[in-house]
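Here is the structure we will look at, set down as structure tokens.
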Amino acid sequence: AQTVTQSQPEMSVQEAETVTLSCTYDTSESDYYLFWYKQPPSRQMILVIRQEAYKQQNATENRFSVNFQKAAKSFSLKISDSQLGDAAMYFCAYLAGGTSYGKLTFGQGTILTVHP
Amino acid sequence: DAGVIQSPRHEVTEMGQEVTLRCKPISGHDYLFWYRQTMMRGLELLIYFNNNVPIDDSGMPEDRFSAKMPNASFSTLKIQPSEPRDSAVYFCASSRRLAVYEQYFGPGTRLTVT
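Protein chains in written order, with my numbering: chain R, 152 to 267; chain V, 22 to 135.
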């Protein structure tokens, strides 16, 4: 079974600084997707960024970028120029292709605090 | 686009009562997912549907839980009888067939069973 591990229960960053959230996963699949979701206090799950495993290039979305290390099964999220609105719980998630298509597996989450 | 709609947003009920959570997926989406979020277990997939047909219900915790999707625009998750350990936030999500990797989540229903 696939597992997703976020080893940092909590992280903090100063406004305008950069922070990196860590995620590792375990899978025997070759076709899969990785995601970072943001859950603010409103509890709405918001997709931040997506990475297809077959793509070598790291995904970027404005201030958010990932470092995808397929061999190491590592998928970290970098937030640049942190803003107060970035404060939230962040979840790393895995979605397999093939017969398990559609099943998202989430990590335990990392609470990010942004200090003004 | 209205997004995924869930009702109610909050539900408080007594142990033993029947609870029904409702979800309206985004129009045109073929897949619908039910997730549960608790402090102990995090976010976990309970069941998902493709074209109104349940595909995988291996995450449903026990027979007290049931889910239906009578048509493409409506799904229910029912707990009967409810227990305090069912207290959680329940999310519904939907996606298009050609983009199952992009799941859109509803705002969730916070269920409290006393």
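Don't be surprised by glycine CBs; every beta carbon is placed ideally from N, CA and C.
Q: For residue 76 of chain V, go through chain R and note every residue whose CB falls closer than 8 Å to its CB, in chain order.
A: 253
Q) Relative to the alpha-carbon of residue 83 of chain V, which residue among V:124, V:105, V:48, V:100 has its alpha-carbon at the smallest distance? A) V:100
(Q) To be precise: take each residue of the segment 99 to 125 of chain V, compare its Cβ to all Cβ atoms of chain R, and keep it if any distance is under 9 Å. Which residues remain? (A) 110, 112, 114, 116, 121, 122, 123, 124, 125
Q) What three-state label does DSSP hand residue 237 of chain R in the structure shown? A) helix
Q.
Contact criterion: CB-CB distance below 8 Å. Does residue 219 of chain R meet it with respect to chain V?
A. no
Q. Hey, how far is the Cα of residue 227 of chain R from the Cα of residue 189 of chain R?
A. 14 Å
Q | Closer than 8 Å to chain R by CB, residue 128 of chain V | A | yes
Q) Which two residues bound the contiguous beta strand (DSSP E) that contains residue 209 of chain R? A) Residue 209 of chain R -> no beta strand (DSSP E), and no H or E assigned at all.
Q: Please classify residue 46 of chain V: is it buried, with 16 or more other beta-carbons within 10 angstroms of its beta-carbon, or exposed?
A: buried
Q | Span separating the alpha-carbon of residue 255 of chain R from that of residue 97 of chain V | A | 20 Å
Q: Please name the residue, chosen from R:266, R:213, R:198, that lies closest to residue 235 of chain R on a Cα-to-Cα basis.
A: R:266
Q) Helix, strand or coil for residue 232 of chain R per DSSP? A) coil
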